[in-house]
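J.: First the structure, which I've put down as structure tokens, then a few questions once you've had a look.
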Amino acid sequence: MTQTDTVLIVGAGPTGLTTACTLLQHGVDARVIDRRNGPASEPKALILWSGALEVLRRIDVADSLEKRSLPLSGASYWSGGRRTGGVRFGALADTAFPRPLCVPQSVTEGVLYDRLLKLGGNVEWNTELAAVRVTGSTPSNVSVTLSVPGTGSPAPFSPRWLVGADGTHSTVRTAAGIAFEGSTYARDFLLGDGVFTGGLPEDEAQYHLTPEGVLVVVPLPGGGHRVFFDRDATGEVRPLSDEELQELLTARGPKGWTLESTWWRSTFRVHTKVAGKFREGSVLLAGDAAHCHSPAGGQGLNTGVQDGFNLGWKLAAVINGADPALLDSYEAERRPAALRALRNSDRQTRLWMLRQGPKRVLRDTLLKVATATGALDRRIVPELAQLDPGLESSPAVPGELPRTGSGGRATKGPGLLRPGVRLPDTPWQPLHGTAAASLHEFLAAGRHTLLVLQGAGGTDAGGADADAGERTAAEAAELAARSTVRSQTDVLLLTDHRPRGGSDASAPYARAVDIGRKLTALAEAGPLVVYVRPDGAVGAWSSHRDLARLAAGVSVLGAAVESVA
Numbered sequence: 000m001t002q003t004d005t006v007l008i009v010g011a012g013p014t015g016l017t018t019a020c021t022l023l024q025h026g027v028d029a030r031v032i033d034r035r036n037g038p039a040s041e042p043k044a045l046i047l048w049s050g051a052l053e054v055l056r057r058i059d060v061a062d063s064l065e066k067r068s069l070p071l072s073g074a075s076y077w078s079g080g081r082r083t084g085g086v087r088f089g090a091l092a093d094t095a096f097p098r099p100l101c102v103p104q105s106v107t108e109g110v111l112y113d114r115l116l117k118l119g120g121n122v123e124w125n126t127e128l129a130a131v132r133v134t135g136s137t138p139s140n141v142s143v144t145l146s147v148p149g150t151g152s153p154a155p156f157s158p159r160w161l162v163g164a165d166g167t168h169s170t171v172r173t174a175a176g177i178a179f180e181g182s183t184y185a186r187d188f189l190l191g192d193g194v195f196t197g198g199l200p201e202d203e204a205q206y207h208l209t210p211e212g213v214l215v216v217v218p219l220p221g222g223g224h225r226v227f228f229d230r231d232a233t234g235e236v237r238p239l240s241d242e243e244l245q246e247l248l249t250a251r252g253p254k255g256w257t258l259e260s261t262w263w264r265s266t267f268r269v270h271t272k273v274a275g276k277f278r279e280g281s282v283l284l285a286g287d288a289a290h291c292h293s294p295a296g297g298q299g300l301n302t303g304v305q306d307g308f309n310l311g312w313k314l315a316a317v318i319n320g321a322d323p324a325l326l327d328s329y330e331a332e333r334r335p336a337a338l339r340a341l342r343n344s345d346r347q348t349r350l351w352m353l354r355q356g357p358k359r360v361l362r363d364t365l366l367k368v369a370t371a372t373g374a375l376d377r378r379i380v381p382e383l384a385q386l387d388p389g390l391e392s393s394p395a396v397p398g399e400l401p402r403t404g405s406g407g408r409a410t411k412g413p414g415l416l417r418p419g420v421r422l423p424d425t426p427w428q429p430l431h432g433t434a435a436a437s438l439h440e441f442l443a444a445g446r447h448t449l450l451v452l453q454g455a456g457g458t459d460a461g462g463a464d465a466d467a468g469e470r471t472a473a474e475a476a477e478l479a480a481r482s483t484v485r486s487q488t489d490v491l492l493l494t495d496h497r498p499r500g501g502s503d504a505s506a507p508y509a510r511a512v513d514i515g516r517k518l519t520a521l522a523e524a525g526p527l528v529v530y531v532r533p534d535g536a537v538g539a540w541s542s543h544r545d546l547a548r549l550a551a552g553v554s555v556l557g558a559a560v561e562s563v564a
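Taking numbering that gives the first Met the number 0, the leading residue of the sequence shown gets 0, the next gets one more, and so forth.
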């Protein structure tokens, strides 16, 4: 990578590491710095939800995290010593991660750091962004100076792209003049991780809502629990002693819960803020530098990880030659997602903090009703899981392209292929080019995909052409080979039948049989071609007759337009 193309990532937390790993998997190196002396040792955030886990699977760390995690079965709400409501985890469909995992942030960072090293990357620890100058919003508008102890005064340099993943007090965000808008709760939040006795929950989170404040209890992988309290703001930042934590536990928890010892304690204030913009020229913000949340629902780290992947694959595509306008979609996609996550966590926090009698009674009643009707499960869990990308209005999603069947007849519009939505999974039998047993397993590689769907027994609308899918897949492979992301693009022909003459293992595309026919049933009027983004969302789709229009409508395929026109 040339100096002009250099990506400098400031911050090696989960967001920065996810961004760097994604870039490397897409063939782009990045320089990562962090003022700390190594990966975090503090557990901090605990919960990984389905959406973030799917992202982490795409950079090949989800398996390692699962082995070191505790799956949670649900969450329950208690008031006046009685259970008033609860949600059950594990019912989420169409994902390999139907329930959240409890994993300390230090473990997540360590696994991501190991993955970065295996990909050939590195982190420059003990390296601080000493100065940064941002001039306007044009490309190449950044000059930075780094500070490394014992190395004198390094000269400034100008990275082509500067990614601020440097936390709530982001130096990058401040230098770019980007406002950080929101508020701070007038409460202190206190927590302790340690060993407790008295029958604390083993696989669910509990929320004990009292007039004095909340007590949250979360079981930890490997044993022990986290307890979490709020109180009126005092201005003190010291962690509470074990004795003070026990006093709060006795006041707000069930009788008999006893703290034996702690290995980590913390006191902090909570902000609910979002950056006014996520991009200023060559400067891009991600994670806590772009948004910060209440810890309710564990949304912060999860949102940041998804920021990092979204930014990483788009930045890599642009560096590899895609239209730079692709990066405009980063803010258009991730800022609304951050606002949704912020609203969710803020709503839960305010639920905790209700103090007045009538409002508490109303809250408890609503929780009971929502639990009994299943409304809590249907609404809360999908929101927290962050599986729905909600990208229909993104500038990176061109919308439905004109599509025609044989004889110029319009094909039926398949709702499952609506641009901007996450593709549903379907089981399949691999024939060649892949060992994956389902679509989501195939897409877990986190690459660009051209998915060719062939149904109706392999025939076109007239019933005579059984080879239309094969020809379309070959054309799609040629398109991919001329695209700006050719080294990061897979082509797969998904059919509803076994080939009559056997599968050609030398074909420049993979092939599988759709056992469930969830997707191939949509191609009843002839083959369909779907561009699937690295995040598993439909970017665009067309009939096989409109392949050139598909290439023209997707920026990362733009260089291939002339070859199929």
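We treat Cβ as the ideally placed atom computed from N, Cα and C, and that holds for glycine.
Report the partner residues of Arg85 according to the DSSP bridge assignment.
T.: The question names Arg, but residue 85 in the sequence shown is Gly. BP columns for Gly85 point to Ser75.
J.: Label Ala574 either buried or exposed according to how many other C-beta atoms from any shown protein chain fall within 10 Å of its C-beta, with 16 as the threshold for buried.
T.: Nothing can be reported for residue 574, as the shown portion of the chain is limited to 0 through 564.
J.: In its own chain, which residues sit with a C-beta less than 7 Å from the C-beta of Arg446, not counting the 5 before and 5 after it?
T.: Gln487, Thr488, Asp489, Pro533
J.: Taking just the CA atoms, how far does Glu382 sit from Leu45?
T.: 18 Å
J.: Using C-beta distances below 6 Å, list every residue in its chain close to Leu215, excluding the 5 sequence neighbours before and after it, in chain order.
T.: A small correction: the amino acid at residue 215 is Val; Leu does not occupy that position in the sequence shown. Same-chain partners within the cutoff: Tyr206, Phe227.
J.: Using DSSP with H/G/I as helix, E/B as strand and the rest coil, what is Tyr112?
T.: helix
J.: If you run the structure through DSSP and keep just helix, strand and coil, what is Arg544?
T.: helix
J.: Tell me where the alpha helix (DSSP H) around Gly535 begins and ends.
T.: No alpha helix (DSSP H) contains Gly535, which DSSP labels as neither H nor E.
J.: Between the C-alpha atoms of Gly432 and Gly538, what's the straight-line distance to the nearest angstrom?
T.: 23 Å
J.: With 16 as the cutoff for other CB atoms within 10 Å, does Arg237 come out buried or exposed?
T.: A residue is called buried once 16 or more other Cβ atoms fall within 10 Å of its Cβ, and Arg237, having fewer, is exposed.
J.: Identify, in the order they occur along the chain, each residue of the same chain with its Cβ nearer than 6 Å to the Cβ of Ala295, setting aside the five sequence neighbours on each side.
T.: If the five residues before and after Ala295 are omitted, its C-beta is found closer than 6 Å to the C-beta atoms of Ser344, Gln347, Thr348, all from its own chain and listed in chain order.
J.: The alpha helix (DSSP H) with Thr370 in it runs from where to where?
T.: First-last of the alpha helix (DSSP H) with Thr370: 356-372.
J.: Figure out for me which residue from Leu449, Thr519, Arg278, Ala337 has the closest Cα to the Cα of Pro323.
T.: Arg278
J.: Between the Cα of Gln453 and those of Ser437, Trp427, Asp495, Glu243, spot the shortest distance and give me the residue it belongs to.
T.: Asp495
J.: Is it buried or exposed, Trp262, if we count other Cβ atoms within 10 angstroms and call 16 or more buried?
T.: Trp262 is exposed by the Cβ-count criterion.
J.: Specify whether the stretch 309-323 and the stretch 165-181 touch according to this definition: at least 3 beta carbon pairs, one from each stretch, less than 8 Å apart.
T.: no
J.: Given a cut-off of 8 Å on the beta-carbon distance, is the pair Ser49 and Thr94 in contact?
T.: yes
J.: Pick helix, strand or coil for Glu330, following the three-state DSSP scheme.
T.: helix
J.: Beta-carbon of Asp376 versus every beta-carbon of chain B: anything under 8 Å?
T.: Among the chains of the structure shown, chain B does not appear; only one protein chain is present.
J.: Can you tell me which of the three DSSP states Phe195 falls into?
T.: strand
J.: Can you tell me whether DSSP reads Ala164 as helix, strand or coil?
T.: In the three-state DSSP reduction, Ala164 falls in the coil class, being neither helix nor strand.
J.: Please report how far the alpha carbon of Gly275 lies from the alpha carbon of His168, in whole angstroms.
T.: 15 Å
J.: Name the two residues that bound the continuous alpha helix (DSSP H) containing Ser482.
T.: Looking at the DSSP string, Ser482 is not in any alpha helix (DSSP H), and its letter there is neither H nor E.
J.: May I ask you to verify whether the stretch 24-41 touches the stretch 93-107, counting CB pairs closer than 8 Å and requiring at least 3?
T.: Inter-segment contact for the stretch 24-41 and the stretch 93-107 is present: three or more beta-carbon pairs are separated by less than 8 Å.
J.: Please identify the residue among Leu69, Ala232, Ser541 whose C-alpha is closest to the C-alpha of Gly572.
T.: Outside the modelled stretch of the chain, which goes from 0 to 564, sits residue 572, for which no answer is possible.
J.: Beta carbon of Glu180, beta carbon of Lys272: below 8 Å?
T.: yes
J.: Below 8 Å, can you find three or more Cβ-Cβ pairs linking the stretch 387-398 to the stretch 108-123?
T.: No: the two stretches stay apart, fewer than three of their Cβ pairs being nearer than 8 Å.
J.: With a 10 Å radius around its C-beta and 16 neighbouring C-beta atoms as the bar for buried, classify Gln385 as buried or exposed.
T.: buried
J.: Write down the C-beta distance between Phe88 and Ser72 rounded to the nearest angstrom, noting that I regard them as a contact closer than 8 Å.
T.: 6 Å
J.: Taking Gly85 and Ser78 to be in contact with their CB atoms under 8 Å, please state how far apart those CB atoms are, rounded to whole angstroms.
T.: The pair is not a contact, with the Cβ atoms about 12 Å apart (cut-off 8 Å).
J.: Gly221: buried (16+ other C-beta within 10 angstroms of its C-beta) or exposed?
T.: Under this definition Gly221 is an exposed residue.
J.: Just to confirm before moving on: does the CB-CB distance between Arg159 and Thr266 stay below 8 Å?
T.: no
J.: Rounded to whole angstroms, what's the CA-CA distance from Val9 to Val31? Just pull it up for me.
T.: 6 Å
J.: Does the distance from the C-beta atom of Val555 to that of Val484 stay below 8 Å?
T.: yes
J.: So Asp187 and Thr233 are in contact, right, with Cβ under 8 Å, and what is the actual spacing, rounded?
T.: Indeed, because the Cβ distance is near 6 Å, the residues count as touching under 8 Å.
J.: Nearest-angstrom Cα distance between Glu474 and Pro507?
T.: 10 Å
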